[in-house]
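Okay, so here's the structure we're looking at.
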Amino acid sequence: MSGSKTNGTVQLNEGSTNTELPMVEGTLGPKVIDIRKLYAQTGHFTYDPGFTSTASCDSAITYIDGDEGILMHRGYKIEELAAQSDFMEVCYLLLKGELPTSEEKAKFTKDITYHTMLHEQLIQFFRGFRRDAHPMAIMVGVVGALSAFYHDSTDIADPHQRMIASYRLIAKMPTIAAMAYKYSVGQPFIYPNNELSYAENFLHMTFSVPAETYKISPTLARAMDRIFILHADHEQNASTSTVRLAGSSGANPFACIAAGIACLWGPAHGGANEAVLTMLEEIGSVERVPEFIKKAKDKNDPFRLMGFGHRVYKNYDPRAKVMQQTCYEVLDELGIKDEPMLKLAMELERIALEDEYFIEKKLFPNVDFYSGIILKAMGFPTSMFTVLFALARTVGWVAQWNEMMEDPGQKIGRPRQLYTGKAQRPFVPLVKRK
Ligand code: CMC
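Here the numbering used here is used: the first residue of the sequence shown is 196, the next is one more, and so on.
This is the structure in structure tokens:
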């Protein structure tokens with residue numbers, strides 16, 4: 196474990212047997228108990244469904260202090276990156292560990308831009324989907340299919356091929372996402388324009404049509420870029436862990452990212468921004484907010500306030516604060532400051548933040564609470580929200596996958612279990628079964 200040191204031990208006492216387990220300290224955050232030899236030494240496994248107390252790997256990419264509401268990439272706070280950097284720079288930082296110089300940034304941007312187009316035959320692939328297919332279903336399928344088109348970057352043992360695959364994934368994701376959208380609305384696909392920035396290009400491919408000139412608003416392009424920055428990585432969340440687990444078996448990077456997209460789709464993870472909008476629509480008016488707050492607090496009601504709570508943040512999600520600011524800028528630019536949905540969201544936020552239940556359980560608005568409102572205002576249908584999350588998170592997945600592949604101690608991920616099924620019993624032939 197590079198960047199960490201052993202610092203102390205913990206004793207495990209079982210009757211007269213004493214087992215000493217090393218404590219390992221990273222740069223920041225809680226120490227971990229190294230239990231890799233636990234089974235060999237004691238014959239026991241640990242039990243931790245949902246990995247609430249388990250560090251699945253060591254990583255130097257992203258640090259979160261959920262109690263303090265801190266998120267940093269490679270040591271830089273997310274608020275600073277969102278205010279002073281851009282998505283290409285953040286991609287470079289996540290992948291390579293340092294902020295780029297001007298020359299490095301120019302070269303990296305050019306390298307990514309070079310890969311924005313899709314193999315023409317891959318474009319035919321879209322036509323196999325039903326028009327009403329959810330764009331996330333298309334994303335899982337098309338991204339998985341990339342491995343059938345780019346054989347020259349699937350040798351995971353070759354660092355150069357790993358880099359090309361990483362660049363391809365970051366570059367092609369906006370093209371695939373925009374095409375998934377165009378397909379669902381029956382409009383022609385728009386090819387990338389490499390004179391535009393990453394965010395501008397995505398807006399262009401999504402919203403322009405061949406019949407008209409599409410003018411990209413700098414405010415909206417900046418907001419889009421910031422949304423990408425805010426979603427770029429979030430350490431070992433469910434989809435990233437899925438990418439790592441898939442990659443641990445030696446699967447190719449396109450297949451691993453498709454697995455990450457599938458995991459992100461769920462409403463408890465990336466699907467939450469879509470669920471926030473659905474929930475706001477269901478609530479409908481400010482007057483009905485107390486009724487839904489009551490439902491969220493009722494233990495017998497499965498309803499939860501979407502966009503509230505987080506497995507790691509037990510404080511305000513720092514991304515949500517930036518997102519709230521961006522939300523105002525976008526609504527201002529579009530002249531829809533009095534958007535009823537936003538008023539409703541604000542009222543929901545105000546009541547929830549004052550409510551004893553939410554205070555006690557440390558349930559704060561998360562990044563998805565505001566992103567849904569911004570994306571809706573920008574003209575994206577709700578079914579595209581998680582797609583945008585996937586697009587932005589691709590760099591994080593790819594950076595984490597590369598880090599794992601470069602780790603000499605990397606092993607296939609293989610959790611254990613606590614078996615609660617039947618003990619051994621004799622087989623009963625069919626004729627004798629009742
Ligand atoms: N509304 C009402 N009650 C809630 C909510 C909520 N949104 N979230 C958690 N709780 C309650 C939950 O019922 C539980 O109560 P009790 O202790 O009485 O059983 C307590 O708070 C702890 O919840 P938990 O489910 O044990 O917490 P978790 O860390 O497993 O879940 C979560 C985190 C994000 C899945 C959950 O807060 C949730 O379902 N939130 C709504 C969905 C959402 O917004 N998800 C986006 C997450 S951020 C984006 C991302 O990183 O992917």
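The beta carbon of each residue, even a glycine, is placed where N, CA and C say it ideally should be.
inquiry  = Suppose you measure from the CA of Asp353 to the CA of Ile230; what does that come to, to the nearest Å?
reply    = If you take the alpha carbons of Asp353 and Ile230, they lie about 32 Å apart.
task = Report the residue from Glu430, Met218, Ile488 whose alpha carbon sits nearest the alpha carbon of Thr201.
result = The residue with the shortest Cα to Cα distance from Thr201 is Met218.
task = Work out the CA separation of Leu207 and Ile228 for me, nearest whole Å.
result = About 11 Å.
key: Inter-residue spacing [alpha-carbon to alpha-carbon] between Ser248 and Ala255   = Distance from the CA atom of Ser248 to the CA atom of Ala255, rounded to whole angstroms, is 19 Å.
request  = Would you kindly work out how many angstroms separate the C-alpha atoms of Tyr596 and Leu266, rounded to a whole number?
outcome  = One detail in the question is off: residue 596 reads as Trp in this sequence, not Tyr. Between Trp596 and Leu266, the C-alpha separation is close to 20 Å.
query = Would you say the beta carbon of Ala463 comes nearer than 7 Å to a heavy atom of ligand 1?
reply = Ala463 Cβ: within cutoff of ligand 1.
Secondary structure of Met218, DSSP reduced to three states = If DSSP states are grouped into helix, strand and coil, Met218 belongs with the strands.
Rounded distance between the beta-carbons of Asn396 and Thr304, thought under 8 Å = In fact, because the Cβ distance is near 11 Å, the residues do not count as touching under 8 Å.
task = Using 7 Å as the cut-off, classify the Cβ of Leu570 as near or not near the heavy atoms of ligand 1, replying yes or no.
result = When distances are taken from the beta-carbon of Leu570 to the heavy atoms of ligand 1, even the shortest one reaches 7 Å or more.
ask   = If you draw a straight line from the alpha carbon of Pro535 to that of Ile569, how long is it in whole angstroms?
value = In a straight line, the C-alpha of Pro535 is about 13 Å away from that of Ile569.
query = Quick one: is the Cβ of Arg439 within less than 7 Å of any heavy atom of ligand 1?
reply = Proximity of the beta carbon of Arg439 to ligand 1 is not indicated: no heavy atom of the ligand is located closer than 7 Å.
task = Confirm the yes/no value for this check: CB of Met599, any heavy atom of ligand 1, distance under 7 Å.
result = Within the chosen limit of 7 Å, ligand 1 does not reach the beta carbon of Met599 with any heavy atom.
task = Just the C-alpha distance for Pro560 and Gly504, rounded to the nearest angstrom, thanks.
result = Computed Cα separation, rounded: 6 Å.
ask   = When you compare each of Ala467, Arg499, Thr222 to Tyr565 by their alpha carbons, which one comes out closest?
value = Among Ala467, Arg499, Thr222, the Cα nearest to that of Tyr565 is on Ala467.
ask   = Are the beta-carbon atoms belonging to Gly465 and Phe584 less than 8 Å from one another?
value = Result yes, Cβ atoms of Gly465 and Phe584 sit closer than 8 Å.
request  = Measure the C-alpha to C-alpha separation of Tyr552 and Lys490 and round it to an integer number of angstroms.
outcome  = Roughly 12 Å separates the two Cα atoms.
Euclidean distance between Cα positions of Gln519 and Ala418 = In this structure, the alpha-carbon of Gln519 lies about 11 Å from that of Ala418.
query = For the candidate residues Gly339, Tyr234, Asp350, whose alpha-carbon lies nearest to that of Lys367?
reply = The closest CA to that of Lys367, considering only Gly339, Tyr234, Asp350, is found on Gly339.
message = Quick check on DSSP: helix, strand or coil for Glu263?
response = The answer is coil: DSSP assigns Glu263 none of H, G, I, E or B.
query = Mapping DSSP to helix, strand and coil, what is Leu233?
reply = Secondary structure of Leu233 (DSSP, three-state): helix.
key: Glu299, DSSP secondary structure in three states   = In the three-state reduction of the DSSP assignment, Glu299 falls in the helix class.
request  = Leaving out five residues on either side along the sequence, give the residues of the same chain with a beta carbon under 7 Å from the beta carbon of Leu459.
outcome  = Only Ser434, Gly465, Thr581, Phe584, Ala585, Arg588 meet the Cβ criterion.
ask   = Which of helix, strand or coil does DSSP assign to Asn388?
value = Here Asn388 sits in coil by DSSP.
ask   = Tell me, which residues are paired with Lys200 by DSSP?
value = Beta-bridge pairing links Lys200 to Glu220.
query = Are there 16 or more other CB atoms within 10 angstroms of the CB of Thr349, so buried, or fewer, so exposed?
reply = Buried, since its Cβ has 16 or more Cβ neighbours within 10 Å.
request  = For Gly445, I'd like the list of residues in its chain whose CB is within less than 7 Å of its CB, leaving aside the five on either flank, ordered along the chain.
outcome  = Closer than 7 Å at the Cβ level, and outside the excluded window around Gly445, lie Ile351.
ask   = Counting Cβ pairs, one atom from each stretch, are 3 or more of them under 8 Å apart for the stretch 402-409 and the stretch 424-439?
value = No, because fewer than three Cβ pairs between the stretch 402-409 and the stretch 424-439 fall closer than 8 Å, the two stretches do not touch.
query = Is DSSP giving Pro513 helix, strand or coil here?
reply = In the structure shown, the three-state DSSP call for Pro513 is helix.
query = Going by other Cβ atoms of all chains shown within 10 Å of its Cβ, with 16 needed for buried, is Glu315 buried or exposed?
reply = Glu315 counts as exposed, since fewer than 16 other C-beta atoms from the protein chains shown sit within 10 angstroms of its C-beta.
ask   = For the candidate residues Ala372, Ala515, Ala470, whose alpha-carbon lies nearest to that of Arg421?
value = Nearest option by C-alpha distance: Ala515.
ask   = So, is Ile554 buried or exposed, given that buried needs 16 or more other C-beta atoms within 10 angstroms?
value = Exposed is the call here.
request  = Give the range of the alpha helix (DSSP H) segment to which Ser436 is assigned.
outcome  = Bounds of the alpha helix (DSSP H) holding Ser436 are 433-443.
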